[in-house]
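A quick write-up on the structure given underneath.
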Amino acid sequence: METALIKYLCRFIKNKNTKTDNLILFRYSFTEWPDVKESSIEATFLQKSSRHRLMLSSLTQSAVLCVSVSSSHLLRLYERFESLDRENRGHLRKEDFQAVRELSMNPVGDRIIGSFFSPGQETVDFPSFVQVLAHFRHTENDRIRDGAQKEPANSTARRLKFVFQLYDQDRDGKISRAELLQVLREMLGMQVTEEQLQSIAERAIQEANQEANQDKDDAISFDEFRKSMEKVNIDHKMSIRFLE
Amino acid sequence: LLDLDTQALSLHTTWNSFLLSLTDWATLRIERGVNKDLDSASEFEMSDIFYFARRGVESIMDDEVTKRFSAEELESWNLLTRSNNNFTYISLRLTVLWGLGLLIRYGFLLPLRVTLAFTGVGLLVFLTSVIGLLPNGRMKNFLSEKVHLMCYRICVRALTAIITYHDSENKPKNGGICVANHTSPIDVIILASDGCYAMVGQIHGGLMGVIQRSMVKACPHVWFERSEVKDRHLVAKRLSDHVQDKSKLPILIFPEGTCINNTSVMMFKKGSFEIGATVYPVAIKYDPRFGDAFWNSSKFGMVSYLLRMMSSWAIVCSVWYLPPMSREEGEDAVQFANRVKAAIARQGGLVDLLWDGGLKREKVKDTFKEEQQKLYSKMLVGTQEDRSRS
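If you read the sequences in order, they're chains A and B. Each step along the first sequence adds one to the number in UniProt numbering, with nothing skipped, and position 83 is 83. Each step along the second sequence adds one to the number in UniProt numbering, with nothing skipped, and position 178 is 178.
Written out as structure tokens, the structure is:
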């Protein structure tokens, strides 16, 4: 069923002049709700009118939305995606991200870029792009959706997981001392000596181990990480107003 | 003369204070940002990375630079679908109005303007070739001036550009360099319809090439071959030769190097400021309510851009001629360029950005990353040193 829908969508999407927010919302949302009935979607597309918009919005409200982003913001993100995608490939590569000046200036810029790409993947398509950005959405205005099956991207747990993975590049579930040193080196550059770096890392690991009271190994596991973040106001630190 | 002196002095002091406040602001912003996350205890915490991560993702979503390279967002709608991103069906009356506007613009205005444009360009090519046959002398210069002005004014009508010129007493004189901010190729037509300039540019093929070659017959412009453009010394030499000849017209240069979206002025390339001639800055500001004149060269080609321009309502802009500036003692070309840029930005009500216009296509230098690292490390290591001392 999914392939039939995709084919249908592609035919529809080729009609470039219908680049409305509804289209993009649909294009995005399809990947999130594989169990939406095909017949209802076909019906909505046969009428390119305001009714089509109404039906689609009701679909969004009732169905599961992993990323709660309003359709006009989704449109803006899509335009941003298109502007980053200079050669109109339909997906982004690492070079496209690196072309963003402020990102190249950012000490952990490469890590952030890496977080968009799943392991082994060389390209990022629009749904994945939005998914990562959704981690930074403000949680204040979220309505509680009934029957939500998937946790929203900007929940605390998922946000912590995202940041944990910024540290834990080999994705083994632990931040080893070496990985921590690497991050510190990136954030501090050549401004500190090796010893200072080591001492900072040592203290961080000790603190994490103390708080968690768990195995005194030389790494920080996700649980220890989570415990050390308990007092941190994550919503404040990790929300970007743009996605309001 | 006294006026100029005091003006120059005040510019200098404002420039200095501007520089100081900029550095203060930059440091304060970063420190404040870092401080927020480090709270009272300035020690490394695992949550420090939040700050950098958020900054990074913010820049992915929208950065200061790309904002300048995409068309300005308007608050109200001027009945042009292209300037309204959220165009949806709102009411019958509005649609009818828009449809009427469409009819007028495409059915009546566009053909009229296209004919005018063709006439203007055709006349320019023809008449300048004719004048080129005359021997060099006052008659030739006089005629060429008249011809150029006439043809450019026809082109201005072709675009229905309503231009207000301010401070015409500061118009560029022979032997000087006229410097302006760049929003679209129309800038050239707008400036050239009020005064005669020597153009600088690369020789193109096709229609542009024909126009360029015929223009140079009537009065000397500075056209470069593509190979010559890379050689900066050659370019500088030719420009300075032209400038030193007082009988030749002032050179028109756009130092940003590329089209910016008319909300800001980007870094000026220092080449034209090294020559040592008097610089006449000009600020051009388009009124976006009537039609967006910005040429996004990565999105639209020249022809589609011109068609868009000709099917807008009108192009309304203001041109300010600023008093001439020269390089001062102890000022190098870059500082001089920045000073001129600040003056233009201030006059046109544009934001003065320090970033490079070439960033539209290139990457960034490593020194900026180092600065961020420096600031962050100062927060951490600085306090640790204090602690060890006490």
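Just so it is clear, CB atoms sit at the ideal spot from N, CA and C, and this is done for glycine as well.
Helix, strand or coil: how does DSSP classify residue i here?
i, result
"Cys155 (chain B)", "helix"
"Leu74 (chain B)", "In this prediction, Leu74 (chain B) scores a pLDDT of 45, lower than 50, which makes its location untrustworthy; the coordinate-derived value is nonetheless stated afterwards. Note: Leu74 (chain B) maps to coil in three-state DSSP."
"Gly201 (chain B)", "strand"
"Val235 (chain B)", "helix"
"Thr95 (chain B)", "helix"
"Ala283 (chain B)", "strand"
"Leu92 (chain A)", "strand"
"Met190 (chain A)", "helix"
"Ser311 (chain B)", "coil"
"Ser318 (chain B)", "strand"
"Met325 (chain B)", "strand"
"residue 391 (chain B)", "Past the edges of chain B, shown from 1 to 390, lies residue 391 (chain B), and the structure says nothing about it."
"Ala174 (chain A)", "Note that residue 174 (chain A) is Lys in the sequence shown here, rather than Ala. Lys174 (chain A): strand per DSSP, three-state reduction."
"Met55 (chain A)", "Since pLDDT at Met55 (chain A) reaches only 37, below the 50 mark, its modelled position is unreliable, and no value is offered."
"Phe117 (chain A)", "coil"
"Ile49 (chain B)", "helix"
"Ser104 (chain A)", "helix"
"Leu252 (chain B)", "strand"
"Ile112 (chain A)", "helix"
"Ala208 (chain A)", "helix"
"Ile211 (chain B)", "helix"
"Phe44 (chain B)", "coil"
"Ser221 (chain A)", "strand"
"Ile177 (chain B)", "strand"
"Ala161 (chain B)", "strand"
"Val232 (chain A)", "coil"
"Phe224 (chain B)", "strand"
"Ser239 (chain A)", "coil"
One question on the structure: do residue i and residue j come within less than 9 Å of each other, judged by their Cβ atoms?
i, j, result
"Val188 (chain B)", "Leu239 (chain B)", "no"
"Ile190 (chain B)", "Phe224 (chain B)", "no"
"Val334 (chain B)", "Phe254 (chain B)", "no"
"Leu197 (chain A)", "Leu181 (chain A)", "yes"
"Val235 (chain B)", "Met199 (chain B)", "no"
"Arg171 (chain A)", "Pro119 (chain A)", "yes"
"Leu159 (chain B)", "Arg213 (chain B)", "no"
"Glu169 (chain B)", "Tyr321 (chain B)", "yes"
"Arg177 (chain A)", "Ala208 (chain A)", "no"
"Val319 (chain B)", "His166 (chain B)", "yes"
"Lys283 (chain B)", "Gly348 (chain B)", "According to the sequence shown, residue 283 (chain B) is Ala rather than Lys. Yes, these two residues count as a Cβ contact at 9 Å."
"residue 308 (chain A)", "Met325 (chain B)", "Any question about residue 308 (chain A) goes unanswered here, given that chain A covers just 1 to 244."
"Gly56 (chain B)", "Gly109 (chain A)", "yes"
"Thr128 (chain B)", "Met208 (chain B)", "no"
"Leu84 (chain A)", "Phe97 (chain A)", "yes"
"Pro250 (chain B)", "Lys173 (chain B)", "yes"
"Gly243 (chain B)", "Gly175 (chain B)", "The residue you asked about is not Gly; residue 243 (chain B) is Val in the sequence shown. Yes."
"Ser184 (chain B)", "Met61 (chain B)", "no"
"Ser144 (chain B)", "Ala218 (chain B)", "yes"
"Ala205 (chain A)", "Phe44 (chain B)", "Here residue 205 (chain A) is Ile; the residue named in the question, Ala, does not match the sequence. No, the pair does not count as a contact, with Cβ atoms beyond the cut-off."
"Glu328 (chain B)", "Glu102 (chain A)", "no"
"Phe162 (chain A)", "Val132 (chain A)", "yes"
"Ile186 (chain B)", "Ala314 (chain B)", "no"
"Val210 (chain B)", "Pro281 (chain B)", "no"
"Arg111 (chain A)", "Gln191 (chain A)", "no"
"Ser104 (chain A)", "Gly173 (chain A)", "no"
Just to check, is the beta-carbon of residue i closer than 8 Å to a non-hydrogen atom of the ligand PLP?
i, result
"Lys246 (chain B)", "With respect to the ligand PLP, the structure offers nothing, as it holds no ligand at all."
Next item on the list: Compile a chain-ordered list of the residues in the region 107-128 of chain A whose CB is closer than 7 Å to at least one CB of chain B.
Entry: Under the 7 Å Cβ criterion, the region 107-128 of chain A contributes Pro107, Val108, Gly109 and Ile112.
Note to self: Would the region 114-132 of chain A count as touching the region 92-99 of chain B if we require 3 or more Cβ pairs under 8 Å?
What the structure shows: Proximity of the region 114-132 of chain A to the region 92-99 of chain B falls short of the contact definition, fewer than three beta-carbon pairs being nearer than 8 Å.
Check: Taking one C-beta from the region 144-155 of chain B and one from the region 108-122 of chain B each time, how about it: are there three or more such pairs within less than 8 Å?
Finding: As far as the Cβ criterion goes, the region 144-155 of chain B touches the region 108-122 of chain B, which means the pair count is three or higher.
Next item on the list: Would you be able to state if there are at least three C-beta pairs under 8 Å between the region 129-136 of chain B and the region 175-185 of chain B?
Entry: Contact between the region 175-185 of chain B and the region 129-136 of chain B is absent, because fewer than three Cβ pairs lie under 8 Å.
Note to self: Give me the subset of the region 189-202 of chain A whose CB atoms are less than 7 Å from a CB atom of chain B, sorted by chain position.
What the structure shows: If the cut-off is 7 Å between Cβ atoms, the region 189-202 of chain A has Gly189, Gln191, Val192, Gln196 and Ile200 near chain B.
Notebook entry, point to check: If you pair each beta-carbon of the region 50-65 of chain B with each one of the region 233-241 of chain A, do three or more pairs fall below 8 Å?
Noted result: Note that the region 50-65 of chain B touches the region 233-241 of chain A; at least 3 beta-carbon pairs, one per stretch, sit closer than 8 Å.
Notebook entry, point to check: Can you list, in chain order, the residues of the region 46-62 of chain B whose Cβ is nearer than 8 Å to any Cβ on chain A?
Noted result: Met46, Ser47, Asp48, Ile49, Phe50, Tyr51, Phe52, Ala53, Arg54, Arg55, Gly56, Val57, Glu58, Ser59, Ile60, Met61 and Asp62: these are the residues of the region 46-62 of chain B whose beta carbon lies less than 8 Å from some beta carbon of chain A, given in chain order.
Check: Counting Cβ pairs closer than 8 Å, one from the region 124-131 of chain A and one from the region 86-100 of chain A, do we hit at least three?
Finding: With the cut-off at 8 Å, the region 124-131 of chain A and the region 86-100 of chain A touch.
Checklist line | Contained alpha helix (DSSP H) runs [length at least 4] in the region 89-145 of chain B, N- to C-terminal order | finding: The alpha helix (DSSP H) runs of length 4 or more contained entirely in the region 89-145 of chain B are, from start to end of the chain, 92-102 and 110-132.
Check: Which residues, in chain order, does the region 307-341 of chain B contribute to contact with chain A at a C-beta distance below 7 Å?
Finding: The residues in question: there are none.
Next item on the list: Could you please tell me which residues of the region 222-235 of chain A, in chain order, have their CB closer than 8 Å to any CB of chain B?
Entry: Listed by position, the residues of the region 222-235 of chain A near chain B (Cβ gap below 8 Å) are Phe225, Ser228, Met229, Val232 and Ile234.
Notebook entry, point to check: Of all the residues that make up the UniProt domain "Phospholipid/glycerol acyltransferase" (176-287) of chain B, which are near chain A by a beta-carbon distance shorter than 7 Å?
Noted result: Correct list: empty, as no residue qualifies.
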